[in-house]
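Beneath this line is the structure, given in C-alpha cells, with notes to follow.
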Amino acid sequence: MKVENCDVVIIGSGVAGLICALSLDKKFKIILLTKKKLKDSNSYLAQGGISVCIGKEDREEYIEDTLIAGHYKNNKEAVEILVDESQEAIKTLIENGVKFTGDEKGLFYTREGGHRKFRILYCEDQTGKYIMESLIEKVLERDNIKIIEDCEFLDIIEKENTCLGILAKKEEIFAIKSRFTVLATGGLGGIYKNTTNFSHIKGDGIAVAIRHNIELKDISYIQIHPTTFYTKENERKFLISESVRGEGAILLNQKLERFTDELKPRDKVTKAILEEMKKDNSEYEWLDFSTINLDIKERFPNIYNHLIKNDIDPLKDKVPVVPAQHYTMGGIKVDINSKTSMKNLYAIGEVACTGVHGQNRLASNSLLESVVFAKRASQSIIDENNISVY
Numbered sequence: 000m001k002v003e004n005c006d007v008v009i010i011g012s013g014v015a016g017l018i019c020a021l022s023l024d025k026k027f028k029i030i031l032l033t034k035k036k037l038k039d040s041n042s043y044l045a046q047g048g049i050s051v052c053i054g055k056e057d058r059e060e061y062i063e064d065t066l067i068a069g070h071y072k073n074n075k076e077a078v079e080i081l082v083d084e085s086q087e088a089i090k091t092l093i094e095n096g097v098k099f100t101g102d103e104k105g106l107f108y109t110r111e112g113g114h115r116k117f118r119i120l121y122c123e124d125q126t127g128k129y130i131m132e133s134l135i136e137k138v139l140e141r142d143n144i145k146i147i148e149d150c151e152f153l154d155i156i157e158k159e160n161t162c163l164g165i166l167a168k169k170e171e172i173f174a175i176k177s178r179f180t181v182l183a184t185g186g187l188g189g190i191y192k193n194t195t196n197f198s199h200i201k202g203d204g205i206a207v208a209i210r211h212n213i214e215l216k217d218i219s220y221i222q223i224h225p226t227t228f229y230t231k232e233n234e235r236k237f238l239i240s241e242s243v244r245g246e247g248a249i250l251l252n253q254k255l256e257r258f259t260d261e262l263k264p265r266d267k268v269t270k271a272i273l274e275e276m277k278k279d280n281s282e283y284e285w286l287d288f289s290t291i292n293l294d295i296k297e298r299f300p301n302i303y304n305h306l307i308k309n310d311i312d313p314l315k316d317k318v319p320v321v322p323a324q325h326y327t328m329g330g331i332k333v334d335i336n337s338k339t340s341m342k343n344l345y346a347i348g349e350v351a352c353t354g355v356h357g358q359n360r361l362a363s364n365s366l367l368e369s370v371v372f373a374k375r376a377s378q379s380i381i382d383e384n385n386i387s388v389y
C-alpha cells in the first residue's frame, strides 16, 4: 500500500477545512483531500451571509438570540467564543480576499430570522460561493498544501485512542500518516430525500467516529430549512435564503393569507409552514416577494435568475416553497479548541458539535462557526506541535 506522510491531513474542502489549512504556519506539510472537487461543499451553497457582533452593545443581544434559537440547549461558553471572535473571523476572511457587499461608506448588513438586529454581512445572495472562491485561490497559492480531489475518505488509523492518520481511496487505497488529523467532512444531508445539501455529503466523518467509539453529541438535532423552492423533481432543493424574508418577503397559505411571523427562528417557521400545508392539503405554501422594498434583481440575483429559469418571475408571481433538511447541529463532540475524544484528532465545521447551535441553529451562524473554530483548531495544532521529520 502506498503511504504518504505529512504534518496535518485535513479531510474536507469547505470553509472550515480551507480556513484551517490557511491558518497553519507555512512550515507545516499539509495534505487536504476532498471527496469531489474543491468547491463541491455545502459552504459553496450558502446564500444568506455570515453573522458578526456589531459592537460591545450588541454582544449580549447576539448571545441571547443564539441561545433563544437553540432553545437554551447550547454550550454557552462556545456561544460566547463565537460572538467574541466574530469580528476577528471577518477580518480573516477579508484578509484572504473576500469582498463583502457594501459601498464607499462601509459594508452592508442584513437581518434574518431570529436576529433582532441587522448584523449579517453578505456577498449578494451567494455568500458561500464568493467566500469559497477567495479561499480556494489562496490555498492554491500555498506550496505547503497538497490538494487531492476526487478522493474518498475511508477510515482513520488508530492506536490506543490516538489518531495516526487516515486511509483513503483514489483509484487505489492508500494511507496518509500524519501528526494531526482534521475532520471537516460536513453534515449528513445526502442521506435525505429532500435536502439542500450536495448528495455526496452523507455523514462520512460521523460514520468513522462511530466505528472508533469517538464521542458524539446531539446527533438527533437536525435542522429543516423553512423555505426551499418547491418542484416535483427528485433533486437537491434550491434554498431561498432567510435574508429574503429578512428584507420583507412574507409567507402566504393557499388562501393567500399570512399565517406566521416570518422572522421567527427556523424551526418555528418550519413548523408553521408544515401545519399550514396539512390544513391546506397542499405540498407547498407561497412566498411573496412583492413586499420587499428594494431591487430584487440586484439584491438577490442568484435566486431571481433561478426562479426565472423555472418560469417564475418573483416580481409578479408568488413562489412555491417547502421545508427541507438543511443542517446538522450535532456531530462529533469537540471542546472549544475543536479537539475530539481521540488524541491528535480534530473536527471542525458541520461534522463537529461544539454545542454552539443547541437544538436549532440561528441563521448565518454556520459560516461563522466554521471560521472561528477552524482557526482555534489550527492554533491548538500550532501550540501542540513538535514538527515531525519524515
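Position one of the sequence shown corresponds to residue 0 (numbering that gives the first Met the number 0), numbered consecutively onward.
From the three backbone atoms N, C-alpha and C, an ideal C-beta is built for every residue, glycine too.
Exercise for the section: Could you tell me the distance, in whole angstroms, from the CA atom of G202 to the CA atom of I223? Expected result: 17 angstroms
Practice task
Report yes if the CB atom of V8 is closer than 9 angstroms to the CB atom of L31, and no otherwise.
Solution key: yes
Practice task
Report yes if the C-beta distance between I380 and V321 is below 9 angstroms; otherwise report no.
Solution key: no
Problem - CA nearest to the CA of L163, picked from R178, N309, I172 and E151 - result: R178
Handout entry: Cβ-heavy atom distance, L273 to the ligand ATP, below 8 angstroms
Key = Judged by which ligands are present, the structure shown has none, so any question about the ligand ATP falls away.
Practice task
Tell me whether the beta-carbon of R235 lies closer than 9 angstroms to the beta-carbon of R360.
Solution key: no
Handout entry: Cut-off 7 angstroms between Cβ atoms - residues of its own chain near Y389, not counting five sequence neighbours on either side
Key = Residue confidence for Y389 is low, a pLDDT of 41 falling below 50, so the modelled location carries little weight and cannot support an answer.
Handout entry: Test: F258 CB closer than 9 angstroms to a CB of chain B
Key = Within the model displayed, chain B is absent; a lone protein chain is all it includes.
Problem - Validate contact between the stretch 338-349 and the stretch 298-314 using beta carbons, cut 8 angstroms, 3 pairs - result: no
Practice task
Take N384 and list the residues in its own chain whose beta-carbon comes closer than 6 angstroms to its own, dropping the five residues that flank it on each side.
Solution key: none
Handout entry: Reduced DSSP secondary structure (H/G/I, E/B, other) of C19
Key = helix
Practice task
Can you grab the Cα-Cα spacing for the pair V138 / I67, in whole Å?
Solution key: 36 angstroms
Exercise for the section: Give the DSSP bridge partners of L215, in chain order. Expected result: I331
Handout entry: 3-residue-minimum beta strand (DSSP E) runs that sit fully inside the stretch 216-281, ordered along the chain
Key = 221-228 and 249-251
Problem - Cβ shell of N196 (< 6 angstroms), same chain only, five flanking positions each side left out - result: N41, G188 and G189
Exercise for the section: Label T327 either buried or exposed according to how many other C-beta atoms from any shown protein chain fall within 10 Å of its C-beta, with 16 as the threshold for buried. Expected result: buried
Practice task
Kindly indicate which three-state DSSP category Q358 falls into: helix, strand or coil?
Solution key: coil
Problem - Per DSSP, cross-strand counterpart(s) of Q125 - result: Paired residues: none, contrary to the question.
Problem - Straight-line gap, G329 to R298 (C-alpha atoms, nearest Å) - result: 32 angstroms
Practice task
Within 10 angstroms of the Cβ of S198, are there 16 or more other Cβ atoms? Answer buried if so, exposed if not.
Solution key: exposed
Exercise for the section: Enumerate in chain order the residues of its own chain whose CB-to-CB distance from S369 is below 6 angstroms, with the five nearest sequence positions on each side excluded. Expected result: V14, A15 and G348
Practice task
Could you name the residues of the same chain whose beta carbon sits closer than 6 angstroms to that of K36, not counting the 5 residues immediately before and after it, in chain order?
Solution key: E148
Exercise for the section: Quick one: grab the DSSP three-state call for T194. Expected result: strand
Problem - Integer-rounded CB distance, given that K1 should sit under 8 angstroms from F173 - result: 4 angstroms
Practice task
Would you mind giving the Cβ-Cβ distance between K317 and L251, rounded to the nearest angstrom? I have them listed as a contact below 8 angstroms.
Solution key: 7 angstroms
Exercise for the section: Please classify N41: does DSSP put it in a helix, a strand, or coil? Expected result: helix
Exercise for the section: Check the C-beta distance from E241 over to E136 and give it rounded, since I have them as a contact under 8 angstroms. Expected result: The Cβ separation is near 28 angstroms, so there is no contact.
Exercise for the section: Might you give, ordered along the chain, the residues of its own chain that have their beta carbon closer than 6 angstroms to the beta carbon of N364, omitting 5 neighbours on each side? Expected result: S50
Practice task
Mark S219 as exposed unless 16 or more other C-beta atoms lie within 10 angstroms of its C-beta, in which case mark it buried.
Solution key: exposed
Handout entry: C-alpha distance - C122 paired with C52, whole-angstrom precision
Key = 18 angstroms
Exercise for the section: Would you identify the three-state DSSP class for K34, choosing helix, strand or coil? Expected result: coil
Exercise for the section: Output the residue ranges of the alpha helix (DSSP H) runs that lie fully inside the stretch 93-155 and measure 4 residues or longer, sorted by chain position. Expected result: 126-140
Practice task
Using three-state DSSP, classify Y326 as helix, strand or coil.
Solution key: strand
Practice task
Assuming A88 and L367 form a contact by the criterion Cβ under 8 angstroms, report the distance between their Cβ atoms to the nearest whole angstrom.
Solution key: 6 angstroms
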